[in-house]
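**Student:** 1 is the number of the first residue of the sequence shown in the UniProt record's numbering; add one for each residue after it. The structure that follows is given in the form of structure tokens.
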Amino acid sequence: MWESIRRWFDPRELRSVGSTPDYRFSLANERTFLAWLRTGLALVGGGLATAQFLPPLPLRHLREAIAVVLLLLGGAVAVRAVDHWARTERAIRLGEELPASRFPAILALTVGLGALLLVAAVLVTALGGR
């Protein structure tokens, strides 16, 4: 694990592996990394906005729980983005199959489940107020 993390910060290590690929593939890999990074930043922003601006919800500390989940998910997406970028760049340079990942599916399911829970909380608040 520490070896993988060390490689994120050492471009010489990455360039020493395999051969120089067509730059378009490296740039496409970098654009994908940046898209994942934007997703992570959006989740962090959503977590901060939830903590600061969402009114208290009917369940005690639900607002804080939602904020913490969004913040942790945003951090996980950012770390996962750089790891996937490095593994993909290495595979491109070595002419290997690109690494597969279940992370996009896990992220999508987590966000979808979170949205359903928020819908339930909104409905409870709306119906409970009548």
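Don't be surprised by glycine CBs; every beta carbon is placed ideally from N, CA and C. Note that the coordinates shown come from a computational prediction; the quantities given were computed from them, not determined experimentally.
Could you tell me whether the stretch 58–72 touches the stretch 81–91, where touching means 3 or more Cβ pairs closer than 8 Å?
**Tutor:** No, they do not touch.
**Student:** Among R7, T32 and F25, which residue has its Cα nearest to the Cα of F17?
**Tutor:** It should be pointed out that residue 17 corresponds to Val in this sequence rather than to Phe. Of the listed residues, the one whose Cα sits closest to V17 is R7.
**Student:** For the putative contact between L107 and V77, defined by C-beta atoms under 8 Å, what is the C-beta separation to the nearest angstrom?
**Tutor:** At roughly 7 Å, the Cβ-Cβ gap stays under 8 Å, so L107 and V77 are in contact.
**Student:** By a C-beta neighbour count over all protein chains shown, 10 Å radius and 16 as the cutoff for buried, is G95 buried or exposed?
**Tutor:** Exposed.
**Student:** Can you tell me the Cα-Cα spacing of T32 and A105, whole angstroms?
**Tutor:** Rounded to the nearest angstrom, the two C-alpha atoms are 16 Å apart.
**Student:** Is D10 near the ligand HEM, with its Cβ less than 7 Å from a heavy atom?
**Tutor:** For the structure depicted, the ligand HEM is absent and the ligand set is empty, with no information on it obtainable.
**Student:** Going by the CB atoms, is the gap between T110 and L73 shorter than 8 Å?
**Tutor:** Cβ atoms of L73 and T110: closer than 8 Å.
**Student:** In chain order, what residues of the same chain have a beta carbon less than 7 Å from the beta carbon of L71, not counting five sequence neighbours either side?
**Tutor:** The residues are V44 and G47.
**Student:** Helix, strand or coil: how does DSSP classify T88 here?
**Tutor:** Helix at T88.
**Student:** R93 and S19 - do their beta-carbons sit closer together than 8 Å?
**Tutor:** Taking 8 Å as the Cβ cut-off, S19 and R93 qualify as a contacting pair.
**Student:** Check whether the Cβ atoms of residue 156 and A91 lie closer than 8 Å to each other.
**Tutor:** This structure gives no information on residue 156, because the portion of the chain shown stretches from 1 to 130.
**Student:** Which residue marks the beginning of the alpha helix (DSSP H) containing R31, and which one marks its end?
**Tutor:** Element bounds for R31: Y23 to F53.
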